[in-house]
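>
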Amino acid sequence: MSMIRLTFPAGSLTPEGRETVQNDLAEALLRCEGAPDAAFFRAQLWSYLVELPEGAQTTAADDAPRFLIDVTVPQGVLSEEGKARLVEEATAIVLSTAGLGQADAPRVWVLVHEQPDGTWGAGGTIVRRADLLALAQKQRAGE
6 MSMIRLTFPA GSLTPEGRET VQNDLAEALL RCEGAPDAAF FRAQLWSYLV ELPEGAQTTA
66 ADDAPRFLID VTVPQGVLSE EGKARLVEEA TAIVLSTAGL GQADAPRVWV LVHEQPDGTW
126 GAGGTIVRRA DLLALAQKQR AGE
């Protein structure tokens, strides 16, 4: 049960990249979480594109596009290694999607927000990390 949201200025993604970026980012997050490659977990990972209108994003230095990737996960789902891998993979995906090179990597920020256990609800109930671990074990076992 995770979310990934890419905020970007209008016109900054290639048409091809815009078609694939949500799935690419979602797959990277699932890999970094170590979640089973199962329909249940893919369906629970929500992905959003937030396109800012022209002129809505700038810095004091220039108007070059900046990209913000917000990742929200239950606390403890991503290890330190998983976070580092996610930042690396998500940055590469966005650079490719925008037709940019590695020199532009500082324009991509990734913020990982960890929700403490007991603060995430779905379907009208609190979802705890232990519940997710039990579901993952069942999926791995093929149940």
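Take the working numbering: the final residue in the sequence shown is number 148, and no numbers are missing along the way.
All residues carry an ideal CB built from backbone N, CA and C; glycine is no exception.
Quick one: complete beta strand (DSSP E) runs, 3+ long, within the segment 22–71?
Fully enclosed beta strand (DSSP E) runs of 3 or longer: 51–57.
> Could you work out which residue in Glu21, Thr64, Asp29, Leu35 is closest to Val78 when comparing CA atoms only?
The sequence position of residue 78 within the sequence shown is 73, counting from 1. The shortest Cα separation from Val78 among Glu21, Thr64, Asp29, Leu35 belongs to Leu35.
> Looking at the secondary structure, which residues open and close the beta strand (DSSP E) in which Arg90 lies?
Taking the sequence shown and counting its residues from 1, one reaches residue 90 at position 85. Arg90 -> not in any beta strand (DSSP E); alpha helix (DSSP H) instead, spanning 85–102.
> Residues in the same chain with beta-carbon distance under 8 Å from Arg112, minus the five sequence neighbours each way, listed in chain order, please.
Within the sequence shown, numbered from 1, the residue matching residue 112 stands at position 107. So the list reads Ala69, Pro70, Arg71, Phe72, Leu105, once near-sequence residues are dropped.
> Whole-angstrom Cβ separation of Val26 and Ile74, contact assumed at under 8 Å?
In the sequence shown, residue 26 corresponds to position 21, counting from 1. In the sequence shown, residue 74 corresponds to position 69, counting from 1. The Cβ separation is near 10 Å, so there is no contact.
> Skipping 5 residues on each side, what residues in its chain have a beta carbon closer than 7 Å to that of Pro58?
Residue numbering aside, residue 58 sits at position 53 when the sequence shown is read from its first letter. Cβ neighbours of Pro58 beyond the five flanking positions: Ala15.
> Relative to the alpha-carbon of Ser101, which residue among Arg90, Ser7, Pro20, Arg10 has its alpha-carbon at the smallest distance?
Position 96 of the sequence shown, counting from 1, holds the residue named residue 101. Checking every option, the nearest Cα to that of Ser101 belongs to Pro20.
> Please determine, among Asp42, Asn28, Asp29, Ser7, the residue with the shortest C-alpha to C-alpha distance to Ala141.
As a position in the sequence shown, residue 141 is number 136, starting the count at 1. If we check each option's Cα against that of Ala141, Asp42 comes out closest.
> To the nearest angstrom, how far is the alpha carbon of Phe46 from that of Asp67?
Along the sequence shown, one-based indexing puts residue 46 at 41. Along the sequence shown, one-based indexing puts residue 67 at 62. Approximately 40 Å, taken between the alpha carbons.
> What's the gap between the Cα of Asp29 and the Cα of Ala65?
As a first step, residue 29 is located in the sequence shown; it is residue number 24 there, counting from the start. As a first step, residue 65 is located in the sequence shown; it is residue number 60 there, counting from the start. Those two C-alpha atoms are separated by around 31 Å.
> Once you ignore the five residues that flank Lys143 on each side, which residues in its own chain have a CB closer than 7 Å to its CB?
The count along the sequence shown starts at 1 and reaches residue 143 at position 138. So the list is empty, once near-sequence residues are dropped.
> Just verifying my parser: in three-state terms, what is the DSSP assignment at Ala141?
Residue 141 sits at position 136 when you count from the first residue of the sequence shown. Note: Ala141 maps to helix in three-state DSSP.
> Determine the direct distance from the alpha carbon of Val99 to that of Phe13, and round the result to whole angstroms.
The residue you call residue 13 lines up with position 8 of the sequence shown. The residue you call residue 99 lines up with position 94 of the sequence shown. Looking at the two C-alpha atoms, the distance is approximately 10 Å.
> According to DSSP, simplified to helix, strand and coil, what is Arg10?
Within the sequence shown, the letter at position 5 stands for residue 10. Reduced to three states, the DSSP call for Arg10 is strand.
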